[in-house]
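Below is one structure, written out as structure tokens; the observations come after it.
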Amino acid sequence: MRSMKGEVVLNVPAEKAWEMYRDNEIISKINPEMLAQAEYIKGDGSPGSLRRFKLGPGVSKYVKESTQKIEKVEKGKSVTYSVIGGDLNRMYEPYKVTFSFIPVQGKEKEMCVAEWRAEFEALTPATPPPEQARDAALGFLKWFDKFELSF
């Protein structure tokens with residue numbers, strides 16, 4: 001299986017970034033151009049839950065929708081899910097993503113590193129690695145700073 005990762009530094013404590021990512025109402029307001037709606041269609045965000053992301057016009061040329069099955073949750077730290085429906089599922093199988101929020105040592109109350117990591121297999125040799133998905137995810141995470149400031 002292939003893998004790819006990326007990270008951004010946020011001026012938000014890890015615990016706050018975690019809460020923002022897990023809360024459908026908040027995450028749907030951060031940047032509607034990128035993520036128009038998030039909803040748990042089964043469960044409450046614990047392992048086995050299903051979550052649907054409807055992407056906004058800023059990324060919908062690449063991916064319009066993604067349904068995810070939550071595999072593992074480390075409360076306050078990370079969530080791992082497998083994409084089980086949507087556009088990415090037509091390009092990669094499996095496609096598993098982990099979002100982690102890691103406090104910056106010495107600045108735990110102010111900053112964190114938000115990491116995106118994917119494990120995937122392309123369905124065809126012509127399918128490129130999910131660099132667009134990585135870039136979109138990291139670009140979206142950067143908006144956490146701006147949204148946090150708007151509270």
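Residue numbering for the sequence shown is 1 to 151, as defined by the UniProt record's numbering. Note that the Cβ used here is the ideal one computed from N, Cα and C, for glycine as well.
### Message
Are the CB atoms of Ser82 and Lys96 within a distance shorter than 7 angstroms?
### Response
As a first step, residue 96 must be located in the sequence shown, where it is residue number 96. As a first step, residue 82 must be located in the sequence shown, where it is residue number 82. Cβ distance < 7 angstroms, so Lys96 and Ser82 count as in contact.
### Message
Asp145 and Asn11 - do their beta-carbons sit closer together than 7 angstroms?
### Response
Taking the first residue of the sequence shown as position 1, residue 11 is located at position 11. Taking the first residue of the sequence shown as position 1, residue 145 is located at position 145. It is a contact, given that the beta carbons lie within the stated cut-off.
### Message
If you follow the alpha helix (DSSP H) that Tyr21 is in, where does it begin and where does it stop?
### Response
Position 21 of the sequence shown holds residue 21. Per DSSP, Tyr21 belongs to the alpha helix (DSSP H) from 14-22.
### Message
Let me make sure I understand the geometry here. Which of Glu121, Lys54, Lys72 has the alpha-carbon closest to that of Lys64?
### Response
Locating residue 64 in the sequence shown gives position 64, where the first residue counts as 1. Lys64 has its Cα closest to that of Lys54, out of Glu121, Lys54, Lys72.
### Task
State the Cα-Cα distance for the pair Glu7 and Trp143, rounded to the nearest angstrom.
The residue labelled residue 7 in the question sits at position 7 within the sequence shown. The residue labelled residue 143 in the question sits at position 143 within the sequence shown. C-alpha separation (whole angstroms): 13 angstroms.
### Query
What residue ranges within the UniProt domain "Bet v I/Major latex protein" (3-151) form continuous beta strand (DSSP E) runs of no fewer than 3 residues, ordered along the chain?
35-42, 50-55, 65-74, 78-86, 92-103, 112-122
### Query
Between Gly85, Thr127, Met34, which lies nearest to Gly58 when the distance is taken from Cα to Cα?
Taking the first residue of the sequence shown as position 1, residue 58 is located at position 58. When each option's Cα is compared against that of Gly58, the closest is Met34.
### Task
Please name the residue, chosen from Glu119, Gly56, Gly76, that lies closest to Ser3 on a Cα-to-Cα basis.
Along the sequence shown, read from residue 1 onward, the residue named residue 3 stands at position 3. Comparing Cα positions, the closest option is Glu119.
### Query
Quick one: what's got a C-beta closer than 6 angstroms to Ile41's C-beta in the same chain, skipping five residues either side?
The residue labelled residue 41 in the question sits at position 41 within the sequence shown. Taken in chain order, the residues that qualify are Leu50, Arg52.
### Query
Considering only residues of the same chain and omitting the five flanking positions on each side of Met111, which have a CB-CB separation below 8 angstroms?
Here residue 111 is taken as the residue at index 111 of the sequence shown, counted from 1. Contacts found: Val9, Leu10, Asn11, Val12, Pro13, Pro103, Val104.
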